[in-house]
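Working notes, beginning with the structure itself.
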Amino acid sequence: MAEIKDPENTVIMETTKGKVVIQLLPDLAPGHVARIKELAREGAYDGVVFHRVIEDFMAQTGDVQYGKTGGKDFNPARAGMGGSEKPDLKAEFSNMNHVRGTCSMARSQMPNSANSQFFICFTDAPWLNKQYSVWGQVIEGMENIDKIKRGEPVRDPDTIVSFKVAADVAA
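Mapping the sequence shown onto the working numbering, position 121 (from 1) lands on 858, and the numbers just tick up by one.
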């Protein structure tokens, strides 16, 4: 297992394809990292589908409104159109490049519209640089992200089984 140097700023995401460890980047995007940790601690991401997965690009998830299996508003046809009940976030664009394993917030055309949805890059995506808020980097388990079922929308999608801040996980 990857060495977790800062458990308060590391997320352990268990997916239907296996475990993924993400190092959070609070210096780069403090507001987005705080939101990710807040939603993780509420269990909001548990059961959420990967609704948009594009070969050689990225896997998108995090719609806690319409994409949460078993949730009151779960609707596979609308997964990707919702967020959380929390307010949208102010953009925190940075010079961090979108490379393989980068975790970044999804948003609409409006820069300050990120809420709960995020994506993980399969490959380098330089056209996204300085236009999306990067909040983390996969440090273990990228091979599991690679196994996630593709589609727009995905038929019978893979899900986040659990999404926890490492500091909250019993050793």
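Glycine included, every Cβ here is placed at the ideal spot set by N, Cα and C.
None of these values were measured; they are calculated from a predicted model.
Limits of the alpha helix (DSSP H) - the one that residue i falls within
i: M879; result: 879-883
When the options are compared against residue i, the one with the closest alpha-carbon
i: K723; options: V875, S821, I759, A771; result: Lying outside 738 to 908, the shown extent of the chain, residue 723 is not represented and no answer is given.
i: F859; options: E880, N852, S870, G873; result: E880
i: S831; options: P863, Y803, Q802; result: P863
i: P813; options: L761, G888, I857; result: G888
i: G817; options: G807, R789, M795; result: R789
i: L761; options: G755, K754, M750; result: M750
Distance CB(residue i)-CB(residue j) smaller than 7 Å
i: H769; j: M842; result: yes
i: P894; j: V786; result: yes
i: Q797; j: D810; result: no
i: G799; j: S870; result: no
i: V902; j: K774; result: yes
i: G819; j: Q874; result: no
Collapsed DSSP secondary structure at residue i in the structure displayed
i: V770; result: helix
i: R778; result: helix
i: L826; result: strand
i: A903; result: helix
i: E751; result: strand
Start and end residues, beta strand (DSSP E) containing residue i
i: L761; result: 755-761
i: K809; result: Premise fails: K809 is in no beta strand (DSSP E) and is neither H nor E.
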